[in-house]
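Below is one structure, written out as structure tokens; comments come after it.
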Amino acid sequence: MTPDALLSLALNAVSVALLAAGVVFVLAGAIGVLRLPDFYTRLHAAGVTDTLGAELIVIGLMFQTGWSLATAKLALAGFLIFLTSPTATHAVANAAHRAGLKPLLSRHQPAHPRLRAELEAAKKSEAENTIEAIETADKAGKPVRTGKGRAS
Amino acid sequence: MIMLWINMAVALAVAVAMALMLSRLFAGPTLYDRVLATNSFGTKTILLLLVYGVLTGESAVTDIALLYALINFVATIAILKFFRYRSLEIALAQMSLRRAIGGGDDE
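In structure tokens, the structure reads:
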């Protein structure tokens, strides 16, 4: 085997390894965005894996093109993605936070004690409201509405 | 020859990721899910264009990918700014100034 063929083989092997890693990251990010329960978790899946996966794929392609103008353009595209992707992710997160979108802390119960106390108080007041509604409805002689939500 | 097939496999995987991102774009419950999916879809479009450019050896496709990278970022920021201030006329610096004075109604 000539040295040139050996070099080409080594470059291709490095390229394939980088491309495979990048594809794994990109697909993991896409599946995470599709399946995670909350906006902020989806943001985490998309923002973190997109940057790394895109960079890996771009660098893997740069190993295929050799020293040419295409490599410079690929490097420029990778640089742009490296700058803009985390900035855009941060902008989306900041906009959602400023708009008042609350993160999902737990499916059943908040982890923080103060939030848990607030949840208990809200449940209690809701139950009282329901009892009051039933009593007033009894006095008025109307049929009692069942089900969740505010009775008014 | 085998590198051609590997590049095609990478393009296919990126296309699958784009399809998943598109489903989140249509299903997303909030506006920010959609913006996130749009931004990520644009990043994957850039990747697909780059892979296609290397695959076919056409240098012009890489230029389109560069242009798309710039437009994608600007579009994301513009969408977020519009849905926060409901206007694209006033610069963000003046918005923060107006908020500091207290004349704004954007909060």
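Going down the list, the protein sequences come from chains A and B. In terms of the working numbering, the first sequence is numbered consecutively and its last residue is 152. In terms of the working numbering, the second sequence is numbered consecutively and its last residue is 1107. Each residue gets a CB set at the ideal place from its N, CA and C atoms; glycine is no exception.
Exercise. Leucine 156/A versus chain B: which residues are under 7 Å apart at the beta carbon?
Worked result: Since the first and last residues shown for chain A are 1 and 152, residue 156/A lies out of range.
For this session: Return the CA-CA distance between isoleucine 1002/B and valine 58/A, expressed in angstroms with no decimal places.
Result: For isoleucine 1002/B and valine 58/A, the gap between their C-alpha atoms comes out near 19 Å.
For this session: Give a yes or no on whether 8 Å exceeds the smallest Cβ distance from phenylalanine 1026/B to chain A.
Result: It does not; no Cβ of chain A falls within 8 Å.
Exercise. Any chance the segment 10-26 of chain A sits against the segment 1009-1016 of chain B, with 3 or more Cβ pairs inside 8 Å?
Worked result: Yes, the segment 10-26 of chain A is in contact with the segment 1009-1016 of chain B.
Problem set entry | Contact under 8 Å by Cβ, leucine 1088/B with alanine 1078/B | It is a contact, given that the beta carbons lie within the stated cut-off.
For this session: Report the neighbours of threonine 1045/B on chain A: residues whose CB is nearer than 7 Å to its CB, in chain order.
Result: Near threonine 1045/B there are no residues of chain A at all, since even the closest Cβ is about 11 Å away, more than 7 Å.
For this session: Please list the residues of the segment 12-24 of chain A that have a C-beta atom closer than 7 Å to any C-beta atom in chain B, keeping them in chain order.
Result: Within the segment 12-24 of chain A, the qualifying residues are Asn12, Val16, Leu19 and Val23.
Exercise. Apart from the five residues on each side of it in sequence, which residues of its chain come closer than 7 Å, Cβ to Cβ, to alanine 1017/B?
Worked result: These residues qualify, in order along the chain: Lys1044.
For this session: Go through its chain and collect everything with a Cβ distance to lysine 123/A's Cβ below 6 Å, but skip five positions before and after it.
Result: Closer than 6 Å at the Cβ level, and outside the excluded window around lysine 123/A, lies no residue.
For this session: Between the Cα of valine 16/A and those of Ala99/A, Glu120/A, Gly78/A and Leu56/A, spot the shortest distance and give me the residue it belongs to.
Result: The residue with the shortest Cα to Cα distance from valine 16/A is Leu56/A.
Problem set entry | Closest residue to proline 86/A among Val33/A, Thr41/A, Ala95/A and Gly47/A (Cα-Cα distance) | Residue nearest to proline 86/A within the set Val33/A, Thr41/A, Ala95/A and Gly47/A is Gly47/A (criterion: CA-CA distance).
Exercise. Which two residues bound the contiguous alpha helix (DSSP H) that contains lysine 73/A?
Worked result: Note, lysine 73/A: alpha helix (DSSP H), 69-98.
Exercise. Are any of the Cβ atoms in chain B nearer than 8 Å to that of serine 125/A?
Worked result: Output row for serine 125/A: interface = no.
For this session: Could you say which of Leu1022/B, Ile1071/B, Thr1062/B and Ala1015/B lies nearest to serine 68/A if we only look at CA atoms?
Result: The shortest Cα separation from serine 68/A among Leu1022/B, Ile1071/B, Thr1062/B and Ala1015/B belongs to Thr1062/B.
Problem set entry | Where the segment 1051-1067 of chain B meets chain A: residues whose CB sits under 9 Å from a CB there | Against chain A - using a Cβ distance shorter than 9 Å - the residues of the segment 1051-1067 of chain B are Val1051, Gly1053, Val1054, Gly1057, Ser1059, Thr1062, Asp1063, Ala1065 and Leu1066.
Problem set entry | Range covered by the alpha helix (DSSP H) that runs through serine 1059/B | Where serine 1059/B is concerned, the enclosing alpha helix (DSSP H) stretches over 1059-1085.
For this session: Can you tell me which of the three DSSP states methionine 1008/B falls into?
Result: In the structure shown, the three-state DSSP call for methionine 1008/B is helix.
For this session: Would you check if there are 3 or more beta carbon pairs closer than 8 Å linking the segment 73-89 of chain A to the segment 1017-1033 of chain B?
Result: No: the two stretches stay apart, fewer than three of their Cβ pairs being nearer than 8 Å.
Problem set entry | Residue span of the alpha helix (DSSP H) that contains glutamate 55/A, given as start and end | Its alpha helix (DSSP H) spans residues 39-65.
Exercise. Could one say the Cβ of methionine 1021/B lies closer than 8 Å to chain A's Cβ atoms, at least one of them?
Worked result: Cβ-Cβ to chain A under 8 Å: yes for methionine 1021/B.
Problem set entry | Cβ-based burial, isoleucine 81/A [other Cβ within 10 Å; buried from 16] | Per the 10 Å Cβ criterion, buried.
For this session: Rounded to whole angstroms, what's the CA-CA distance from alanine 93/A to serine 1040/B? Just pull it up for me.
Result: Going by the C-alpha atoms only, they are around 14 Å apart.
For this session: Alpha carbon to alpha carbon, how far is leucine 1049/B from phenylalanine 39/A? Give it in angstroms, no decimals.
Result: Distance between the alpha carbons of phenylalanine 39/A and leucine 1049/B is about 28 Å.
Exercise. Counting along the chain, where does the alpha helix (DSSP H) carrying proline 1029/B start and finish?
Worked result: The continuous stretches of alpha helix (DSSP H) do not include proline 1029/B, and DSSP gives it neither H nor E.
Problem set entry | 8 Å Cβ shell around valine 1051/B - same chain, five flanking residues per side excluded | Counting only Cβ-Cβ distances below 8 Å, and skipping sequence neighbours, we find Asn1007, Val1010, Ala1011 and Val1014.
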